[in-house]
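J.: If you're matching positions, the sequence shown starts at 1 in the UniProt record's numbering and goes up one per residue.
First the structure, then my questions, so here it is.
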Amino acid sequence: MSIKRQAELLSVNRTSLYRDPPKEISISEEDLKVMHKIDELHTDHPTWGYRMLTKTIRRELNVIINKKKVRRMMTDMGVYTIYPKPNLSKRYHAQYKRPYLLRNLNISRPNQVWGVDITYIRMNKGFMYLFIIIDWYSRCIVDYELSTTLEKTFVMDCLKRALSTRKPEIINSDQGSHFTNPDYIELLESVDVKISMDGKGQALDNVRTERLFRTLKYDLIYIHEFETPKALRRALGQYIHEYNTYRPHSSIGDLCPMEVYNGKLPEVA
1 MSIKRQAELL
11 SVNRTSLYRD
21 PPKEISISEE
31 DLKVMHKIDE
41 LHTDHPTWGY
51 RMLTKTIRRE
61 LNVIINKKKV
71 RRMMTDMGVY
81 TIYPKPNLSK
91 RYHAQYKRPY
101 LLRNLNISRP
111 NQVWGVDITY
121 IRMNKGFMYL
131 FIIIDWYSRC
141 IVDYELSTTL
151 EKTFVMDCLK
161 RALSTRKPEI
171 INSDQGSHFT
181 NPDYIELLES
191 VDVKISMDGK
201 GQALDNVRTE
211 RLFRTLKYDL
221 IYIHEFETPK
231 ALRRALGQYI
241 HEYNTYRPHS
251 SIGDLCPMEV
261 YNGKLPEVA
């Protein structure tokens with residue numbers, strides 16, 4: 001990625017700092033604490049289902065809450081259990097589901113595979129959702145977007161922006177509603193990008209993206225109390241810039257993701 005493109009990317013995301021403030025989300029302080037705890041527990045224990053989460057939340061927060069409410073909150077947050085074995089639950093959007101293409105694939109170059117995903121980002125008095133695109137070979141964050149809602153627009157806008165300057169061979173995602181949406185499928189097919197999807201709830205299928213989310217949350221989100229979307233956007237932009245251009249990554253020979261994305265080869269030990 002050129003220096004010019006890096007600057008353009010930072011500029012695109014900085015413009016979002018000056019958008020109109022989002023409408024207030026009507027949610028109680030107690031419910032917000034529960035949602036933040038769900039996020040923490042799911043980050044550390046992605047195979048835990050809503051029953052285990054409910055038991056732990058009751059104990060750690062000393063609250064009375066039923067498992068149906070926890071399950072509903074998980075759905076609202078976009079949090080899904082990762083299963084160590086095939087999940088045989090009902091599959092939605094079957095007509096738009098695509099096979100998993102990465103099994104035994106040798107990922108050996110930038111823009112061979114991008115991973116995309118959405119995660120819940122907590123704030124002091126609310127939350128946002130982060131959509132991220134990561135190049136699997138270099139671990140470079142290609143683009144990202146924050147939103148106050150789970151509407152598909154922020155995913156589609158970010159993808160279109162990324163695809164306007166480069167294109168992967170494959171994009172991998174989970175089977176969430178954003179990625180089994182016909183508009184998402186049509187966009188990728190229109191630019192001849194192969195679509196790969198994890199087995200529903202399968203562990204390890206999207207492991208590199210999940211690891212990035214865990215690192216981001218422990219390095220940034222869990223140690224700061226962001227009061228406003230503007231403050232969160234600013235801190236996230238700085239974090240991603242440093243992650244891409246300054247932070248060495250052991251899996252790519254202690255180079256920075258942007259170096260490898262731009263073509264520098266990791267040394268083979």
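Glycine included, every Cβ here is placed at the ideal spot set by N, Cα and C.
Assuming residue 130 contacts residue 144 (C-beta within less than 8 Å), just tell me the rounded distance between them.
T.: 6 Å
J.: Around the C-beta of residue 70, are 16 or more other C-beta atoms found within 10 angstroms, so that it is buried, or is it exposed?
T.: By the neighbour-count rule (16 or more Cβ atoms within 10 Å), residue 70 is buried.
J.: The beta strand (DSSP E) with residue 130 in it runs from where to where?
T.: 126-135
J.: Output the distance between the C-alpha atoms of residue 101 and residue 191, rounded to the nearest integer angstrom.
T.: Whole-angstrom Cα-Cα distance: 18 Å.
J.: What are the partner residues of residue 104, as DSSP defines its beta bridges?
T.: Paired residues: none, contrary to the question.
J.: Taking only three categories from DSSP, how would you classify residue 172?
T.: strand
J.: My output table needs one value for residue 65: the three-state DSSP class, helix, strand or coil.
T.: coil
J.: Quick test of the definition: if touching needs 3 or more C-beta pairs under 8 Å, does the stretch 108-125 touch the stretch 218-238?
T.: yes
J.: Please report the residue range of the alpha helix (DSSP H) in which residue 187 lies.
T.: 182-190
J.: Check the C-beta distance from residue 96 over to residue 113 and give it rounded, since I have them as a contact under 8 Å.
T.: That belief does not hold up - the Cβ atoms of residue 96 and residue 113 are roughly 20 Å apart, past 8 Å.
J.: For residue 247, which residues from the same chain have a beta carbon less than 7 Å from its beta carbon, with the 5 sequence-adjacent residues on both sides left out?
T.: If the five residues before and after residue 247 are omitted, its C-beta is found closer than 7 Å to the C-beta atoms of 256, all from its own chain and listed in chain order.
J.: Determine the contact status of residue 42 and residue 127, defining contact as a CB-CB distance below 9 Å.
T.: no
J.: Taking the beta carbon of residue 115 as the centre, do at least 16 other beta carbons fall within 10 Å, making it buried, or is it exposed?
T.: By the neighbour-count rule (16 or more Cβ atoms within 10 Å), residue 115 is buried.
J.: Using beta-carbon positions only, say whether residue 134 and residue 208 come within less than 9 Å of one another.
T.: yes
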